[in-house]
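Read in order, the letters of the sequence shown are residues -21 to -1, 1 to 122 in mature numbering (1 follows the signal peptide of the UniProt record, and there is no 0). Just so it is clear, CB atoms sit at the ideal spot from N, CA and C, and this is done for glycine as well. Encoded as structure tokens, the structure appears first; notes follow it.
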Amino acid sequence: MMRRAIFIFVYCLTVLGGVEGQADGWKMTDRFHGFRYSIPTSSATLHSTLLALAQSSSCFGWSQTSSSSTVGEYRCPKSVGLTVQKTLEDEHDAVIKVYEDTKIKLHFSRFKELDEKRITCFKDEPHKCRGAEKGGREEKEEL
């Protein structure tokens, strides 16, 4: 009798669509747009510009400035994510890698400026780790 009850319960769940996953509109890919960027310049005011863009668009993420470039990640609401991405490409000549799953690698509750000494490189461009392919450290998502 118990076996029959379990069978009917499982059958009802599968036939009636109770085991479909998340409903449309609630998946991360329906709600967010995430990407990594590399800008081929650096300046004292660039982080402020990136921060203002993040705040005005309700995005979060991070930026890191070195002597020759600025790199980072944004995660934005889907409704403005492509606009933020296009702004970086058009106004700052940014190279972009869009994350299909929208997940950025470093999460902060606000848009944060990271210290230049923090190692933030990735296994692919933009901002690829250097030296890993020459027998150095193993490549990782975030070193």
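Sequence-distant partners of residue 56 (beyond 5 residues in either direction) whose C-beta falls short of 6 Å from its own C-beta, in its chain, are 37. A straight-line Cα-Cα distance of about 14 Å links residue 97 and residue 109.
Here residue 79 carries a coil assignment [DSSP, helix/strand/coil]. Between residue 68 and residue 26, the gap from beta carbon to beta carbon reaches 8 Å or more. When 82, 87, 23, 105 are compared, the shortest CA-CA separation from residue 9 is found for 82.
Between residue 53 and residue 101, the gap from beta carbon to beta carbon reaches 8 Å or more.
Between residue 17 and residue 59, the gap from beta carbon to beta carbon reaches 8 Å or more. Secondary structure of residue 49 (DSSP, three-state): strand.
A direct Cα-to-Cα measurement between residue 49 and residue 43 gives close to 6 Å. Your pair residue 90 and residue 11 does not check out as a contact, with CB atoms roughly 15 Å apart and the cut at 8 Å. One alpha carbon belongs to residue 107, the other to residue 72, and they sit about 18 Å apart.
In this structure, residue 95 lies near residue 45, with their beta-carbon atoms less than 8 Å apart.
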